[in-house]
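Heads up: the sequence shown begins at 396 in my numbering, then just goes up one per residue.
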Amino acid sequence: MRYTRVIPVLLIHNGGVYKTNKFKSPVYIGDPINAIRLFNDLEVDEICVLNIDASKLNTTLNYDFIEDMANEAFMPFSYGGGVKTVDQANQLLKLGIEKIVINHAVQNNNKLISECAEKFGSQSIVVSIDYRKKLFNGNVLYDHVRKKTLQTNVVDAALMAEKSGAGEIIVNSVDRDGLMSGMDVDLIKSVADVVDIPIVACGGAGNIEHMQKAEEAGASAIAAGSMFIFHGRQNGVLINYPKEEQLSTYLK
C-alpha cells in the first residue's frame, strides 16, 4: 500500500485555472469544474485549489463558486486563498472542504493558525510556505501579494506553524515553480529534520523520479501543477496523472 500522497494543484485566477512560471506569467488552462471532473476520472489522491487573486485583490470569498468545486470533487479537497478569519474557515468546512490552506494571512497573523486548529482540529489546517533562495540569506519566505522576499527563514516558519497547531505544511519553491526540473530536496530535508507534522513538497516536480527524491528527503506528499497539466515536448495542455502501478513502483 502506498502512503505518499500525490496531489494536483489548481491555481485559480480570473475564475479559471491558470499555470504560472516562478509565480509569474499566468497561462490560461481551462475551466476549474472540468479540470476537477477529469482528475476525478483519474482517481487522484487529493486535490488542492488555490485562489491566487483573493489575497492580492483583497476580495471576499466566492462561496458559491467554491461549493460548486467542492461538490464536484470525489477526492479529499483542500482550498486556500483569501482566508483571513475563523468564520471564513468555518464556512468553507461547512461547504465540504476537508482542509483549509492558510498562506498570506499567517505572515501578519500567526494567531489565525492556532485559533483555527483549536476550533476545527489540526487535521483541517494546512500552512503553505512560499519561499525563495537568497544568495546570502538562505531560504526565506516570499510574499506573493507584495512580490517581495521577507526576512523569515523557512525552517523557522515551519517550526512556528507546527507550534501554532498546523496539521500539515506545504513548502513551495517559487524559484522552481513551473519548471519541472526537479524539487528542492535540500530544503525539504532541512524542514523534515525539525518538524514532526507531514510536509507537502511543491515546486519543480516533472516526473515520478523527482517525486521519489522528495519523498526520500522527508516529504509525506508531493504536490504539482505543471506535471499534471502539460504533456509532451511542446507542453500541450492535457490533464494527466500517473497510474497507480507507476506511483507504487517509486513511492512508499
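The beta-carbon is built from N, C-alpha and C at its ideal position, and this holds for glycine as well.
Item	Value
Of the residues Ala609, Pro427, Asn505 and Phe469, the one placed nearest Val481, counting alpha carbons only	Asn505
Own chain partners of Met464 with C-beta closer than 7 Å, once the 5 adjacent residues on each side are dropped	Pro427, Ile428, Ile431 and Val444
Glu610 and Leu646 closer than 8 Å at C-beta	yes
Distance between Ile407 and Val478 (C-alpha atoms, nearest Å)	14 Å
Helix, strand or coil at Tyr474 [DSSP, three-state]	strand
Proximity of Ile351 and Gly411 at Cβ, strictly below 8 Å	With the chain covering only 396 through 647, there is no way to say anything about residue 351.
CA-to-CA distance, Ser517 to Cys511, given in whole angstroms	8 Å
Whether Gly631 touches Phe623 by CB criterion (8 Å)	no
CB contact flag (Pro597, Val566, <8 Å)	The amino acid occupying residue 597 in the given sequence is Cys; Pro does not appear at that position. Closer than 8 Å, so yes.
Cβ neighbour criterion (16 or more within 10 Å) applied to Ser559	buried
Reference Asn409; option with closest CA among Val401, Asp436, Asn416 and Thr454	Thr454
Ile508 versus Met555: straight-line alpha-carbon distance, rounded	10 Å
Exposed unless 16 or more other CB atoms sit within 10 angstroms - verdict on Thr339	As shown, the chain starts at 396 and ends at 647. That puts residue 339 outside it, with no answer to give.
When Lys529, Ser519 and Asp525 are compared against His539, the one with the closest alpha-carbon	Asp525
Unbroken beta strand (DSSP E) run spanning Asp525, endpoints	Ile520 to Lys529
Buried versus exposed, by CB contacts within 10 Å (16 or more), Asn503	exposed
Bridge-paired residues (DSSP) for Phe625	Val632
Sub-8 Å separation of Glu441 and Pro421 beta-carbons	no
Identity of the residues DSSP links to Ser568 by a beta bridge	Tyr526
Limits of the beta strand (DSSP E) - the one that Ile442 falls within	Ile442 to Asn446
Distance, Gly573 Cα to Asn416 Cα	5 Å
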